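**Q** Pasting in a structure now, in structure tokens, and then I'll have a few things to ask.
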Amino acid sequence: MFVNDPPAALTDFLHDLGAPALGVAVSGGGDSIALLRLAAAAGVPLRAVTVDHGLRPEAADEARFVAALCADLGVPHDTLRWNGWDGAGNLQDRARQARYRLVSEWAARHGLDCVALAHTQEDQAETLLMRLARRAGVDGLSAMRERMVSGVRFVRPLIGCARQDLRRYLQGLGQGWIEDPSNADMAYERIRIRQQAAQLADLGLTASALSEVAQTLAQARQALDWAVHRFAQQHLHMQGPDVRIDRAEFTALPPELQRRLLVGALCWLSGAGYAPRRQPVAQLLQAAAQKQRMTLHGCVLTHRQGALYLHREYAAVTGETAQPGQVWDGRFRLHGAAAADVHIAAVGENGLAALPNWRQTGRPAAAVMADPAVWQGQRLIAAPLSGFASGWGVEPANGRQDCLSALLSH
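This is how it looks when you write it as structure tokens:
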């Protein structure tokens with residue numbers, strides 16, 4: 001749905017949301033300032049946050065601008081700082097991932113289940129065009145979906161609003177905002193696409209039209225997710241932390257449903273917040289058809305007793321360590337009797353040799369080796385997923401869904 005009345009859009013959204021309080025991510029730009037003012041006017045209990053990535057000297061001033069505005073509005077505000085950029089990898093992607101992590105941790109500290117982001121109709125259209133250039137499929141071209149990070153829900157209440165309507169709303173209030181200089185930097189793909197908006201609109205490819213296409217594709221995505229979930233309810237089985245899929249029934253699925261099922265299982269097993277690329281997934285489908293072993297996304301595909309069998313790859317977790325009660329591998333939290341100098345790490349070959357009953361789990365050795373275990377120095381003292389609890393328990397990390405639920409939202 002697309003609207004030209006931002007206050008009505010937010011009021012309707014908050015009514016449907018039903019959250020007792022709302023976090024708001026505010027950068028100081030026009031879109032997020034509009035979201036802040038709209039939410040404050042709606043009277044919902046509110047707390048705002050700004051992330052300073054430390055990448056531009058102006059960022060600190062922008063955070064102070066937001067803090068001052070929040071003080072005027074009576075809205076609690078916090079500034080979070082990221083110092084993790086080491087010059088390696090994709091800057092925008094690294095900054096985005098850090099932003100979600102920092103804000104989700106902030107929300108959890110303040111008891112907020114939901115954080116609003118200020119994406120607009122134009123953001124949706126630009127994202128569709130960027131993904132179209134990468135030959136994305138239904139998922140990539142669909143409307144931005146809600147995102148869950150560590151149990152915190154990220155929502156986009158203004159996704160149906162045009163940027164110009166938000167600017168008009170602010171102008172009517174006499175409210176200023178800060179223009180991010182990177183919005184004029186043609187080094188960024190999104191900005192290059194934004195600069196072509198007028199020419200695209202002349203061809204009928206307006207932000208509204210493109211956003212409508214994204215919404216239509218989102219409905220197609222939901223239908224595909226439903227079909228995969230329905231299949232999985234009957235033919236996907238858990239064996240400890242591993243996944244088994246009935247081979248004969250899997251083989252009868254259309255290729256797109258096969259792909260979605262395997263990608264969903266891989267994302268759940270690995271705990272990764274993103275899917276593997278299409279080409280290696282095509283190779284995985286071929287391996288599944290030919291009963292070949294393959295590793296992908298930190299997981300292993302094997303074949304056992306008439307089923308596709310997927311488990312975590314030991315090589316992907318060899319460096320993972322945690323303390324009792326902390327999250328290990330982004331997936332599990334182990335707890336048990338207090339003991340000195342213990343830590344959580346993978347079972348590995350040495351641990352497997354020390355496990356008396358691992359074969360009784362019915363799982364392959366390679367899968368058990370990737371399980372979390374409790375170590376005291378070089379001595380294995382517990383591995384609750386591997387048939388050796390010894391007074392220790394294991395539970396999913398906060399916000400981690402079961403595999404079936406995750407297939408509806410991967």
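Sequential numbering from 1 applies to the sequence shown in this note's numbering. Every residue, glycine too, gets a C-beta built ideally from N, C-alpha and C. None of these values were measured; they are calculated from a predicted model.
From what residue to what residue does the beta strand (DSSP E) around M238 run?
**A** Locating residue 238 in the sequence shown gives position 238, where the first residue counts as 1. Counting along the chain, the beta strand (DSSP E) containing M238 begins and ends at 236-239.
**Q** Please go through the same chain and pick out, in chain order, the residues whose beta-carbon is closer than 7 angstroms to the beta-carbon of D165, but skip the five residues on each side of it.
**A** Here the question's residue 165 lines up with position 165 in the sequence shown. The residues are N4, P6.
**Q** Compute the Euclidean distance between the alpha carbons of R278 and R400, then round it to the nearest angstrom.
**A** One-based indexing of the sequence shown puts residue 278 at position 278. One-based indexing of the sequence shown puts residue 400 at position 400. The straight-line gap from Cα to Cα measures roughly 25 angstroms.
**Q** Report yes if the C-beta distance between P324 and A346 is below 8 angstroms; otherwise report no.
**A** Along the sequence shown, one-based indexing puts residue 324 at 324. Along the sequence shown, one-based indexing puts residue 346 at 346. Cβ distance not < 8 angstroms, so P324 and A346 don't count as in contact.
**Q** In the DSSP output, which residue or residues are listed as bridge partners for Y309?
**A** Taking the sequence shown and counting its residues from 1, the one referred to as residue 309 is at position 309. The partner list for Y309 (beta bridge, DSSP) reads R244, T302.
**Q** Can you give me the start and stop residues for the alpha helix (DSSP H) that V138 sits inside?
**A** Against the sequence shown, residue 138 aligns to sequence position 138. Segment 138-141, the alpha helix (DSSP H) holding V138.
**Q** Leaving out five residues on either side along the sequence, give the residues of the same chain with a beta carbon under 7 angstroms from the beta carbon of I178.
**A** Walking along the sequence shown from the start, residue 178 turns up at place 178. Excluding positions up to five away in sequence, the list reads G28, G29, E62, F65.
**Q** Classify A338: buried if its beta carbon has 16 or more other beta carbons within 10 angstroms, exposed otherwise.
**A** Against the sequence shown, residue 338 aligns to sequence position 338. By the 10 Å Cβ count, A338 comes out exposed.
**Q** Could you pull out every residue in the same chain whose Cβ sits closer than 7 angstroms to the Cβ of V327, ignoring the five residues on either side in sequence?
**A** Start at 1 with the first residue of the sequence shown, and residue 327 comes out as number 327. Cβ within range, chain order: R333, A397.
**Q** In or out: H15 buried (at least 16 other Cβ within 10 Å) or exposed?
**A** As a working note, residue 15 is residue 15 in the sequence shown. Label assigned to H15: exposed.
**Q** So V51 and A39 are in contact, right, with Cβ under 8 angstroms, and what is the actual spacing, rounded?
**A** Start at 1 with the first residue of the sequence shown, and residue 51 comes out as number 51. Start at 1 with the first residue of the sequence shown, and residue 39 comes out as number 39. 18 angstroms between Cβ atoms; not a contact.
**Q** Any contact between the region 112-122 and the region 205-220? By contact I mean 3 or more CB pairs, one from each, below 8 angstroms.
**A** Contact holds: three or more Cβ-Cβ distances are below 8 angstroms.
**Q** CA-CA distance, A312 and V75?
**A** Reading the sequence shown from its first residue, position 312 is the one you call residue 312. Reading the sequence shown from its first residue, position 75 is the one you call residue 75. Note that residue 312 corresponds to Arg in the displayed sequence, not to Ala. Taking the straight line joining both Cα atoms gives about 44 angstroms.
**Q** Given 8 angstroms as the limit, is there contact between the region 124-133 and the region 209-218, that is, 3 or more CB pairs closer than that?
**A** Yes, since at least three Cβ pairs between the region 124-133 and the region 209-218 fall closer than 8 angstroms, the two stretches touch.
**Q** Here's the rule I'm using: 16 or more other beta-carbon atoms within 10 Å means buried, otherwise exposed. How should W106 be labelled?
**A** For this step, residue 106 is matched to residue 106 along the sequence shown. Buried: at least 16 other Cβ atoms inside 10 Å.
**Q** According to DSSP, is Q376 part of a helix, a strand, or is it coil?
**A** Reading the sequence shown from its first residue, position 376 is the one you call residue 376. Three-state result, Q376: strand.
**Q** Once the 5 residues before and after G220 are set aside, which same chain residues still bring their CB inside 6 angstroms of it?
**A** Reading the sequence shown from its first residue, position 220 is the one you call residue 220. Looking at the sequence itself, residue 220 is Ala, so the reference to Gly does not match. Excluding residues within five positions, the ones whose Cβ falls inside 6 angstroms are V138.
**Q** Note down, in chain order, each residue of its chain lying with its Cβ closer than 8 angstroms to the Cβ of D185, except the 5 sequence neighbours on either side.
**A** Against the sequence shown, residue 185 aligns to sequence position 185. Closer than 8 angstroms at the Cβ level, and outside the excluded window around D185, lie I191.
**Q** Taking 7 angstroms as the limit between beta carbons, can you name the residues of its chain near R259, skipping five residues before and five after?
**A** In the sequence shown, the residue the question calls residue 259 occupies position 259. The residues are V281, L285.
**Q** Please report the Cβ distance between D202 and R153, rounded to the nearest whole angstrom; I am assuming they are in contact, meaning their Cβ atoms lie under 8 angstroms.
**A** For this step, residue 202 is matched to residue 202 along the sequence shown. For this step, residue 153 is matched to residue 153 along the sequence shown. Not really, about 38 angstroms apart at Cβ, beyond 8 angstroms.
**Q** Using CA coordinates, which residue listed in L266, D225, A322 is at the minimum distance from T302?
**A** Taking the sequence shown and counting its residues from 1, the one referred to as residue 302 is at position 302. The residue with the shortest Cα to Cα distance from T302 is L266.
**Q** According to DSSP, H229 sits in a beta bridge with which residue or residues?
**A** In the sequence shown, the residue the question calls residue 229 occupies position 229. BP columns for H229 are empty, so no partner.
**Q** Run through the region 259-300 for me and flag every whole beta strand (DSSP E) of 3 or more residues, listed as ranges in chain order.
**A** Whole beta strand (DSSP E) segments, 3+ residues: 294-296.
**Q** Which same chain residues, not among the five before or five after Q92, have their C-beta less than 8 angstroms away from its C-beta?
**A** Against the sequence shown, residue 92 aligns to sequence position 92. Excluding sequence neighbours, Q92 sits near Y188.
**Q** Can you tell me whether P241 is buried or exposed, with buried defined as 16 or more other CB within 10 angstroms of its CB?
**A** Reading the sequence shown from its first residue, position 241 is the one you call residue 241. P241 comes out buried.
**Q** May I ask you to list the residues that DSSP assigns as paired with P396?
**A** Against the sequence shown, residue 396 aligns to sequence position 396. According to DSSP, which records beta bridges pairwise, P396 is partnered with F332.
**Q** Can you list, in chain order, the residues of its chain with a C-beta nearer than 6 angstroms to that of Q329? Leave out the 5 residues immediately preceding and following it.
**A** Mapped onto the sequence shown, residue 329 falls at position 329. Residue identity differs from the one stated: residue 329 is Asp in this sequence, not Gln. Same-chain partners within the cutoff: V317, E320.
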